[in-house]
Amino acid sequence: MGARLLLIAALLLAGCSSAPKTADPPRVKAALEAESDGARRYARGDYAVAARRFDEAARICASIDDAPGVGRNRLHLARAELAQGRAEAALAVLAAAAGDGEGPSPGILLTIAQAQLALGRDVAAQQSLAAASAGCGSACPQLPGLRLLQARAALAAQRAPEALAHAEAALKLLQDMDEAAETGNAWRIIAAARLAAGDTAGALPAAGAALDIDRRLALPEKIARDWLLIGDIRRRAAPGDALRQDSAAAAYRRALDVANAAGLAAIATTATQALADTGGAAEAAR
Numbered sequence: 212m213g214a215r216l217l218l219i220a221a222l223l224l225a226g227c228s229s230a231p232k233t234a235d236p237p238r239v240k241a242a243l244e245a246e247s248d249g250a251r252r253y254a255r256g257d258y259a260v261a262a263r264r265f266d267e268a269a270r271i272c273a274s275i276d277d278a279p280g281v282g283r284n285r286l287h288l289a290r291a292e293l294a295q296g297r298a299e300a301a302l303a304v305l306a307a308a309a310g311d312g313e314g315p316s317p318g319i320l321l322t323i324a325q326a327q328l329a330l331g332r333d334v335a336a337q338q339s340l341a342a343a344s345a346g347c348g349s350a351c352p353q354l355p356g357l358r359l360l361q362a363r364a365a366l367a368a369q370r371a372p373e374a375l376a377h378a379e380a381a382l383k384l385l386q387d388m389d390e391a392a393e394t395g396n397a398w399r400i401i402a403a404a405r406l407a408a409g410d411t412a413g414a415l416p417a418a419g420a421a422l423d424i425d426r427r428l429a430l431p432e433k434i435a436r437d438w439l440l441i442g443d444i445r446r447r448a449a450p451g452d453a454l455r456q457d458s459a460a461a462a463y464r465r466a467l468d469v470a471n472a473a474g475l476a477a478i479a480t481t482a483t484q485a486l487a488d489t490g491g492a493a494e495a496a497r
């Protein structure tokens, strides 16, 4: 009993001797809570709510003259808009973010390039990527993302060997990083670049690697796109082979099922057309 009392006394003395923690002011706390909640929502794929929370955080930061907080949350907001397929809205947010400070950061430039690629503005995207590359050295944390976007831009310009080289460089950079989503992106681009170069044998396992990662992360849009890509690879591998065409149709059906379940209308339309092209019109109408 005496030992227990001594222990309690020691704990009380330790508590009294430690300096009290300074609480964050209410507005700072509110901004941090909104930003953290936005990040959680984004990670779960709830992009619309994430965008609202990031916008809220940016407004609170603006009200207390926290310029870094404003810029950070605008960038988060732009990425959430992009994730919803709202590339124009993302560019509008980024235009304001790029106007703050001495100039756009590599992170802002890369997100601008991503939005430009989504809109088919390939020349503008190349310019944004060149500017990002100039400010992103070997120790730049955005370097894997830069390589992936360079790969996407090269693929859009039908430069498959260049796209493959950038994507493989990105994959190597990501090996020691905890970036599963970006690793999945790298494998998907490698698969697409190999397919564009006619290497269906090398494309299929790369697409399978992307699908394994995206399933583990439970990302419906990427899973559906992986199945579309697998269907394209199977269809290209043996155009006159009925079994291969059936196998391609099965992949498109998986893409359509995932897209319908997740409410991904654009991908569902693409999968339906792909099914029809492989003679699976009856399947597409199911």
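Just so you know, the working numbering puts the end of the sequence shown at 497, numbered straight through with nothing missing. Glycine included, each C-beta is placed from N, C-alpha and C at the ideal position.
{"Check": "Within a Cβ cutoff of 6 Å, which residues of the same chain sit near L382, ignoring the five residues on either side of it in sequence?", "Outcome": "A397"}
{"Check": "First and last residue of the alpha helix (DSSP H) that includes S247?", "Outcome": "P237 to A254"}
{"Check": "Count Cβ pairs between the segment 373 to 381 and the segment 328 to 343 that sit closer than 8 Å; are there 3 or more?", "Outcome": "no"}
{"Check": "What number of angstroms, rounded off, separates the C-alpha of A448 from the C-alpha of A324?", "Outcome": "32 Å"}
{"Check": "Give me the Cα-Cα distance between R363 and A418, rounded to the nearest whole angstrom.", "Outcome": "15 Å"}
{"Check": "V469: which of D425, D488 and S458 sits nearest, CA to CA?", "Outcome": "D425"}
{"Check": "Should A245 and A291 be called a contact, given that it needs their Cβ atoms to be closer than 8 Å?", "Outcome": "no"}
{"Check": "Restricting to Cα atoms, I'd like to know which of L428, L406 and C347 is closest to L439.", "Outcome": "L406"}
{"Check": "Take L428 and list the residues in its own chain whose beta-carbon comes closer than 8 Å to its own, dropping the five residues that flank it on each side.", "Outcome": "A391, A392 and G395"}
{"Check": "Among S458, A459 and A435, which residue has its Cα nearest to the Cα of A476?", "Outcome": "A435"}
{"Check": "Please report the residue range of the alpha helix (DSSP H) in which P355 lies.", "Outcome": "L354 to A367"}
{"Check": "Evaluate I319 with the Cβ neighbour count: other Cβ atoms within 10 Å of its Cβ, from every protein chain shown; 16 or more gives buried, anything less gives exposed.", "Outcome": "buried"}
{"Check": "Taking a contact to mean a Cβ-Cβ separation below 8 Å, would you say D410 touches A421 in this structure?", "Outcome": "no"}
{"Check": "How many angstroms separate the CA atom of Y187 from the CA atom of G348?", "Outcome": "The requested residue 187 does not occur in the structure, where the chain is confined to residues 212 to 497."}
{"Check": "Would you kindly report the start and end of the unbroken alpha helix (DSSP H) that includes C351?", "Outcome": "Counting along the chain, C351 falls outside any alpha helix (DSSP H), and DSSP gives it neither H nor E."}
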